[in-house]
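Data first, discussion second: the structure below is written as structure tokens.
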Amino acid sequence: MKIALGAAKGLAFLHEEAERPVIYRDFKTSNILLDADYNAKLSDFGLAKDGPEGDKTHVSTRVMGTYGYAAPEYVMTGHLTAKSDVYSFGVVLLEMLTGRRSMDKSRPNGEHNLVEWARPYLGERRRFYRLLDPSLEGRFSIKGAQKAVQLAALCLSRDAKARPLMSEVVEALEPLPNLKDMACSSSYFQAMHSERAAARMQVGSLKNGQPTRSPALPYRRQASPNQHIQPLRSPK
Ligand SMILES: Nc1ncnc2c1ncn2[C@@H]1O[C@H](COP(=O)(O)OP(=O)(O)OP(=O)(O)O)[C@@H](O)[C@H]1O
Ligand SMILES: [Mg+2]
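Every letter in the sequence shown is one number past the one before it in our numbering, and letter 147, counting from 1, is 138.
Pasting the structure below:
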């Protein structure tokens, strides 16, 4: 959360505090550099663009960026706004929370694109824990994780106007690194955890039983629009 906050401050500065607003356009994990104390710095301004001037709402551009991070409306129209960066921030926040990459072809079908996989859980307060990186083993604040998931969901809104400003993201993230209500010491979480383990066992026994047709996916899988846009780069 410290890294997320630091990177959010960088984007907020570019969007809202710099003398001339800048849209960063290539926000992703490999462009966030860390020092020995995990202070984040944004690097790689090769795609950065001056923000719209006067009463213009967007800048028109050739679509450039990275698969899995670019906002869908930007990919479809080439209209760039600061809210495109906010979407990419949501993807990175989701990567941090889940421990998954924005695009991962080695995962099962339906899980290649992180945002598509996560959407069904993002809107549901009660199921947010299913998103969280299992290797954290409960070493996270429950309130903090809940807030961070809600924030990622807002940043990933399909309607760009519904996404928050980066200064609002900073404000939401600021208290999170200090929260102490650790999930591993809560009986509520332990109950959720055993429910999750039971669900996994059920899936396991189904797999080992009679061969059936492929199990129904929990949601309809759609090809990401990002995957068809030529000038976008794939994450390395
Ligand atoms: N000043 C730096 N100090 C340490 N590592 C850096 C520095 N600049 C870049 N890197 C790291 O070097 C690697 C390559 O960076 P580079 O910007 O060339 O590619 P990328 O960010 O993975 O993709 P893209 O070409 O789309 O930006 C990345 O892992 C990045 O985090
Ligand atoms: Mg880079």
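Backbone N, C-alpha and C fix where the C-beta goes; we use that ideal spot for every residue, glycine too.
Nothing here was measured: the structure is a model prediction, and the numbers come from that model.
Expected contact under 8 Å - CB spacing of residue i and residue j to nearest Å
i	j	result
L156	A136	Actually they are not in contact, since the Cβ atoms of L156 and A136 sit about 23 Å apart, beyond 8 Å.
V160	F80	7 Å
K32	I14	With a Cβ gap of about 18 Å, K32 and I14 do not count as contacting.
D76	L2	6 Å
Cβ-based neighbour list, residue i, same chain, cut-off 7 Å, excluding 5 preceding and 5 following
i	result
S148	R154
L84	A(-5), A139, L142, A143 and C146
K96	H103
R240	The first residue shown for the chain is -8 and the last is 227, placing residue 240 beyond what the model contains.
T20	V83 and E86
Separation of residue j from residue i, as counted between CA atoms
i	j	result
S51	F18	18 Å
K74	R16	10 Å
V54	V66	6 Å
Y179	G90	23 Å
S34	L25	10 Å
A98	G(-3)	Correcting the residue type first, residue 98 is Arg in the shown sequence and not Ala. Whole-angstrom Cα-Cα distance: 30 Å.
P12	T68	21 Å
A182	L170	21 Å
S158	K0	7 Å
A61	L5	18 Å
E10	P168	30 Å
A190	R224	37 Å
M(-8)	R117	21 Å
W108	A27	33 Å
Contacting residues, own chain, Cβ-Cβ under 8 Å from residue i (five flanking each side not counted)
i	result
L88	L122, L123, D124, A136, A139, V140 and A143
E186	none
H226	A small fix is needed here, since residue 226 is Pro in this sequence, not His. Same-chain partners within the cutoff: K19, S21, T57, Y58, G59, Y60, R92, S93 and M94.
Assigned exposure category for residue i - 16 Cβ within 10 Å defines buried
i	result
T231	The first residue shown for the chain is -8 and the last is 227, placing residue 231 beyond what the model contains.
D172	exposed
G114	exposed
S132	buried
G59	buried
D46	exposed
N22	buried
G56	buried
Y120	buried
E128	exposed
A188	exposed
Y78	buried
Sheet register partners of residue i (DSSP bridge)
i	result
M173	S132
T57	R224
S21	Answer is none; S21 lacks a bridge partner.
A31	L25
D41	V13
N104	M94
V50	L71
Residues near residue i by beta carbon distance below 6 Å, same chain, minus five either side
i	result
P43	H49 and V50
R92	none
A151	E64 and K74
T72	H49
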